[in-house]
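>
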Amino acid sequence: MGGGITTEHLGHDKHEPVANAAGNTRNGRSRKTLKGEFGELPIEIPRDRHGSFAPQLIPKHQTRWAGFDDKILSLYARGMTVREIQSHLEE
Numbered sequence: 001m002g003g004g005i006t007t008e009h010l011g012h013d014k015h016e017p018v019a020n021a022a023g024n025t026r027n028g029r030s031r032k033t034l035k036g037e038f039g040e041l042p043i044e045i046p047r048d049r050h051g052s053f054a055p056q057l058i059p060k061h062q063t064r065w066a067g068f069d070d071k072i073l074s075l076y077a078r079g080m081t082v083r084e085i086q087s088h089l090e091e
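Numbering (the UniProt record's numbering) for the sequence shown: 1 to 91.
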């Protein structure tokens with residue numbers, strides 16, 4: 001489940017040096033396991049040094065993802081192929 005901490009959130013690109021040493025920077029990823037009708041899904045969530053990054057798709061501290069299967073079926077019903085859905089989820 002891709003993505004990462006955005007340039008907008010940190011104020012600089014991934015490999016750009018930070019002018020202010022006290023500024024916020026990327027700090028790896030943390031792991032959590034989502035639970036839902038589909039079973040369990042291990043994911044990695046990007047984090048920053050200040051702990052201010054808030055994931056949009058799955059909020060902090062949330063491990064249950066109710067309705068996930070319904071959303072996937074809805075995408076399939078709208079004509080997306082399985083590969084398109086998989087690619088969409090990986091973005």
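A virtual CB, placed ideally from N, CA and C, is assigned to each residue, including glycine. None of these values were measured; they are calculated from a predicted model.
1) Over the uninterrupted beta strand (DSSP E) stretch that includes residue 43, give me the two end residues.
2) Is the beta carbon of residue 29 less than 7 Å from the beta carbon of residue 40?
3) How about residue 44: is its C-beta nearer than 7 Å to some C-beta of chain C?
4) Taking one C-beta from the segment 30-38 and one from the segment 62-71 each time, how about it: are there three or more such pairs within less than 8 Å?
5) Would you mind reading off the limits of the beta strand (DSSP E) that contains residue 60?
A quick look at the data gives this:
1) 39-48
2) no
3) This model lacks chain C altogether, as it is built from one protein chain only.
4) Yes: the two stretches touch, three or more of their Cβ pairs being nearer than 8 Å.
5) Annotation for residue 60: no beta strand (DSSP E) segment contains it, and DSSP assigns it neither H nor E.
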